[in-house]
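Here the structure is laid out as structure tokens; the discussion comes afterwards.
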Amino acid sequence: MCFMNTNVAAIDLPSSAKLVASDQSDTKNISLALSSWDRERGISRLNITGKTVTNVYQIDGTSLTLDQMFKPIIDDLENRKFSVELYCNTQVCGGFNFRKNLEIFKPPFMLINVANYSVVTAKKNNTAVSLIASKLGTTIYLQVVSIGINENDLIQPDIKSETNSFSFTLINEGAIVLDDLIYRSGSSTLGDGPFNSLLELARFLKSTPTASIILVGHSDSTGELSQNIELSKNRAQAVADRLINSHSIDQSRISAEGIGFLSPKTNNSTEISRKKNRRVEAVLILP
Numbered sequence: 390m391c392f393m394n395t396n397v398a399a400i401d402l403p404s405s406a407k408l409v410a411s412d413q414s415d416t417k418n419i420s421l422a423l424s425s426w427d428r429e430r431g432i433s434r435l436n437i438t439g440k441t442v443t444n445v446y447q448i449d450g451t452s453l454t455l456d457q458m459f460k461p462i463i464d465d466l467e468n469r470k471f472s473v474e475l476y477c478n479t480q481v482c483g484g485f486n487f488r489k490n491l492e493i494f495k496p497p498f499m500l501i502n503v504a505n506y507s508v509v510t511a512k513k514n515n516t517a518v519s520l521i522a523s524k525l526g527t528t529i530y531l532q533v534v535s536i537g538i539n540e541n542d543l544i545q546p547d548i549k550s551e552t553n554s555f556s557f558t559l560i561n562e563g564a565i566v567l568d569d570l571i572y573r574s575g576s577s578t579l580g581d582g583p584f585n586s587l588l589e590l591a592r593f594l595k596s597t598p599t600a601s602i603i604l605v606g607h608s609d610s611t612g613e614l615s616q617n618i619e620l621s622k623n624r625a626q627a628v629a630d631r632l633i634n635s636h637s638i639d640q641s642r643i644s645a646e647g648i649g650f651l652s653p654k655t656n657n658s659t660e661i662s663r664k665k666n667r668r669v670e671a672v673l674i675l676p
């Protein structure tokens, strides 16, 4: 189950970090890496049981390297008397052989670039913190797992909540209405824009390379069904073309469909309700 929870061990996260997913368990046994991967010995591990909180963050549009991001975090942990048992990156960790033994939160919340990731394991008495970070393009994905941390050791960091954001809605609901689009009257020609929903959708697709979308056009109930299906598909295709031509999204990741008035959001009794039904939705497809 995914829900937002901003309680996390007191670590110094970048101010631009966005909490995108969270999970918790009252009692859970966790096995954390204490060493890099070795062909003969594998990975040394710390087994620890306790209340477990997992938070996943994304840091978009950053020039920070993983080492630059982790330095203040490690300093903060050491100042709080945590012992850093492991700090390694990609090849030092063991590349893919190390990565395949990590427990990672489900995509697209957490993504791992096997060519650029870092891992930190720190412990203090019967508590521990595990951090796994990876950078794809200009986005850093960070998973923070806190085990056995007392309530007094938890803080409410100044992290931007994404519960109302475009990407959070798309990921958690699986679809989102592109509600600011404007078409020329009675046609499928998309206005000049710019449209914030398309900027947000393009940003999401660029930062989530495993995702693709189906654009679904909807209409009100005025006119014949066949004509509305054709019009709604053409409007969805106009959105796809804009994303491809103006936002450099690969056309293999986008398709367009139209279903006319077969899936209304509300009745068609007033102009206001008909306007709500005339829409294009982006439906998220994940591998």
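Just so you know, we're using the numbering used here here: the sequence shown kicks off at 390 and counts up by one. A virtual CB, placed ideally from N, CA and C, is assigned to each residue, including glycine.
Among the options, the one whose alpha carbon lies nearest that of residue i
i	options	result
Leu675	Phe485, Arg631, Leu559	Leu559
Ile432	Ala522, Val481, Ala625, Ser556	Val481
Leu333	Ile643, Ile493, Gly483	Outside the shown range of the chain (390 to 676) lies residue 333, about which nothing can therefore be said.
Val509	Arg488, Lys495, Val605, Thr527	Arg488
Leu587	Ala625, Ser404, Ser577	Ala625
Val672	Asp427, Leu604, Ser414, Leu594	Leu604
Leu466	Ile538, Glu429, Glu613, Ala406	Ile538
Asp568	Asn502, Gln413, Lys407, Arg668	Arg668
Leu594	Asn490, Ile493, Thr479, Pro497	Pro497
Ser405	Ser452, Asn514, Val442, Ser641	Ser452
Leu421	Asn490, Asn486, Leu651	Asn490
Ile501	Thr516, Val534, Gly526	Gly526
Ser507	Leu570, Gln532, Asp464	Gln532
Ser425	Val566, Lys470, Cys477, Ser641	Cys477
Lys654	Glu492, Ser610, Pro583	Ser610
Beta-carbon separation (whole angstroms), residue i vs residue j, contact threshold 8 Å
i	j	result
Asn617	Gly649	3 Å
Asn439	Ile536	It should be noted that the sequence gives Gly, not Asn, for residue 439. Indeed they touch by this definition, with Cβ atoms about 5 Å apart.
Ser554	Ala511	Not really, about 30 Å apart at Cβ, beyond 8 Å.
Glu660	Val566	Their Cβ separation, rounded to whole angstroms, is 18 Å, which puts Glu660 and Val566 out of contact at 8 Å.
Range covered by the alpha helix (DSSP H) that runs through residue i
i	result
Arg488	484–488
Lys654	No alpha helix (DSSP H) contains Lys654, which DSSP labels as neither H nor E.
Ser556	555–562
Ser586	585–596
Between the CA atoms of residue j and residue i - distance to the nearest angstrom
i	j	result
Leu620	Ile448	39 Å
Ile638	Asp415	42 Å
Gly563	Phe459	32 Å
Ser608	Arg663	8 Å
Ser658	Asp581	30 Å
Asn666	Arg631	22 Å
Arg592	Arg430	42 Å
Ile419	Pro598	29 Å
Tyr364	Ser411	This structure does not reach residue 364, given that the chain is present from 390 up to 676, and the question cannot be answered.
Gln545	Leu402	Low per-residue confidence applies at Gln545: pLDDT is 40, beneath 50, and the placement is therefore not dependable, though the value from the model is reported in the following sentence. Between Gln545 and Leu402, the C-alpha separation is close to 12 Å.
Ile463	Gln413	23 Å
Asp456	Leu475	14 Å
Ile444	Leu408	Note on identity: in this sequence residue 444 is Asn, with Ile being the wrong assignment. When rounded, the distance between both Cα atoms is 7 Å.
Phe494	Asn656	40 Å
Continuous beta strand (DSSP E) stretch holding residue i: start and end
i	result
Arg631	Where Arg631 is concerned, there is no enclosing beta strand (DSSP E), although the alpha helix (DSSP H) it sits in stretches over 614–636.
Thr578	Counting along the chain, Thr578 falls outside any beta strand (DSSP E), and DSSP gives it neither H nor E.
Gln640	Segment: none, Gln640 is in no beta strand (DSSP E) and carries neither H nor E.
Ile521	516–525
Leu673	668–674
Ile501	Per DSSP, Ile501 belongs to no beta strand (DSSP E) and is neither H nor E.
Thr528	528–536
Ser601	601–607
### Query
Going along the chain, which unbroken runs of the alpha helix (DSSP H) with 4 or more residues stay wholly within the segment 422–495?
455–468, 479–482, 484–488
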